[in-house]
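Each residue of the sequence shown is one higher than the one before, starting from 1 at the first, in UniProt numbering. Cβ coordinates follow ideal geometry from the N, Cα and C atoms, glycine included. Please read all numbers here as calculations on a predicted model, not as lab measurements. The structure under discussion appears below in the form of structure tokens.
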Amino acid sequence: MPTNRQVAVIGGGPAGLMAAETLAGRGARVDVYDAMPSVGRKFLLAGRGGLNLTHTEPPAQFLSRYGNRSQAVAPWLQGFDAQALCDWVHALGHDTFVGTSGRVFPTDKKAAPLLRAWLHRLRESGVVLHVRHRWLGWAENNALRFATPDGERRIRTDAVVLALGGGSWARLGSDGAWVPILQAQGVPVAALQPANCGFDVGWSEHLRTRFAGQPIKSVVLNFTDATGAPFSKQGELMLTATGLEGGLIYAASARLRDAIAETGSAVIHLDLAPGWEAAHLTQEIAHPRGARSLSSHLHSRVNIHGVKMVLLREIGSAGDFAEPARLAALIKALPVRLAAPRPLDEAISSAGGVMFEALDAHGMLRTMPGVFCAGEMLDWEAPTGGYLLTACLASGRAAGLGMLDWLGRPADGMRE
1 MPTNRQVAVI
11 GGGPAGLMAA
21 ETLAGRGARV
31 DVYDAMPSVG
41 RKFLLAGRGG
51 LNLTHTEPPA
61 QFLSRYGNRS
71 QAVAPWLQGF
81 DAQALCDWVH
91 ALGHDTFVGT
101 SGRVFPTDKK
111 AAPLLRAWLH
121 RLRESGVVLH
131 VRHRWLGWAE
141 NNALRFATPD
151 GERRIRTDAV
161 VLALGGGSWA
171 RLGSDGAWVP
181 ILQAQGVPVA
191 ALQPANCGFD
201 VGWSEHLRTR
211 FAGQPIKSVV
221 LNFTDATGAP
231 FSKQGELMLT
241 ATGLEGGLIY
251 AASARLRDAI
261 AETGSAVIHL
271 DLAPGWEAAH
281 LTQEIAHPRG
291 ARSLSSHLHS
301 RVNIHGVKMV
311 LLREIGSAGD
321 FAEPARLAAL
331 IKALPVRLAA
341 PRPLDEAISS
351 AGGVMFEALD
361 AHGMLRTMPG
371 VFCAGEMLDW
381 EAPTGGYLLT
391 ACLASGRAAG
401 LGMLDWLGRP
411 ADGMRE
């Protein structure tokens, strides 16, 4: 094991900081470089509404959240799973609790105290942070190039971990500017795409101006893709001026995004009355309403009101409202056509990135010995719920360990 190697980590998000911790903890001298004035900015934003650290569901189900990249992510999680993440938080002096949905949070639900404790421990271990250092690529002698307020710097290191994030939230540092740099080196990079994102629908002016920003509570989103694979989940949505967003649609966003890319649109069906049978709905709707308006009748008989009624009016026809059976069918399966995902910079996270085929088993680029990649800049994605943060931290640890292994090999091994 190396004890005095000088290594660099580029990117001060969770993956980069975990790589730095792993390296410094085993004797390497570590410098972390970040383009922003401070590190962990997206981490802090993620914790603004309550920092969701990870999830308590069984390992096999947890792993399935990474879709077709589950097998690539599996080795990361074998080394640093949900329980290991909780133990790591506890070692930083913070307690955790499990919410009703199985999600795990710090007791105070805040990101800032946790980040402060982490940075303190990193500095104590010898990690040096360099902010306002934007990576520009490599110089002719393979030195790392950085743009700084004082001009360009060139740094020589024994190895480097790239943990530059994806392409969402550019103002926090994840701007995807690294993509052409690596492509110029012949590294295959899948196009960055929005993940955990909202979608455009094209509402009427009435809905846009009067109801944008209102939640749609307790609905079931149903969707079937071109292969016949079904998706069904209950939760909440948010009406926006352009369409829909919120945790429920984020959970289906990868399928919806891919369907739109293939066919130009995707149709979801919203069950506005979970737990009601269509026949029972029809019977209640058909009940004589006397002088009451239809809106009042639906509110009192089947608890359809507010934004749900607005959606029915937006999408339904006069014929639907004239026949109880048709109206019941519409309530149970309201079709909403999604035209496009929202722009990448608005997404919570991104898909695409450095392809796993470009990496060896230790996370090192096959064509660039000594260059390792970690975190969201790799070609994987996951829904919200703690899966993103867990895998980012786990991948940073894996990259750090991979670098240590490579640095410790004889000079006539893989190294150049």
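{"Query": "Cut-off 6 Å between Cβ atoms - residues of its own chain near L298, not counting five sequence neighbours on either side", "Result": "I304"}
{"Query": "Of the residues V161, G102, P149, the one placed nearest P14, counting alpha carbons only", "Result": "V161"}
{"Query": "Three-state class that DSSP yields for N4 in the structure shown", "Result": "coil"}
{"Query": "C-beta contact flag for L164 and G396 at 9 Å", "Result": "no"}
{"Query": "Straight-line Cα distance separating I249 from P219", "Result": "In the sequence under discussion, the amino acid at residue 219 is Val, which differs from the Pro named in the question. Cα to Cα, the separation comes out at about 11 Å."}
{"Query": "Straight-line Cα distance separating G25 from P230", "Result": "45 Å"}
{"Query": "C392 - containing alpha helix (DSSP H), residue span", "Result": "387-407"}
{"Query": "For F199 and W88, the rounded distance between their alpha carbons", "Result": "36 Å"}
{"Query": "For A325, the nearest candidate out of S300, K308, H287, T282 (CA to CA)", "Result": "T282"}
{"Query": "Outcome for Q193 when other beta-carbon atoms lying within 10 angstroms are tallied against a minimum of 16", "Result": "buried"}
{"Query": "Element boundaries [alpha helix (DSSP H), containing R29]", "Result": "From DSSP, R29 is part of no alpha helix (DSSP H) but of the beta strand (DSSP E) over 29-33."}
{"Query": "Coarse secondary structure for Q83, derived from DSSP in three states", "Result": "helix"}
{"Query": "With 16 other Cβ atoms within 10 Å as the buried cut-off, status of K42", "Result": "buried"}
{"Query": "The stretch 255-262 in contact with the stretch 201-216 per 3-pair CB rule at 8 Å", "Result": "no"}
{"Query": "Three-state secondary structure (DSSP) of H206", "Result": "helix"}
{"Query": "D95 burial status per 10 Å Cβ neighbour count (16 or more: buried)", "Result": "exposed"}
{"Query": "Backbone CA spacing between V131 and Y33 [nearest angstrom]", "Result": "6 Å"}
{"Query": "Cβ-based burial, G353 [other Cβ within 10 Å; buried from 16]", "Result": "buried"}
{"Query": "C-beta atoms of Y66 and A382 nearer than 9 Å", "Result": "yes"}
{"Query": "DSSP three-state assignment for residue 432, whether helix, strand or coil", "Result": "Within the shown structure, residues of the chain are numbered from 1 to 416, placing residue 432 beyond reach of any answer."}
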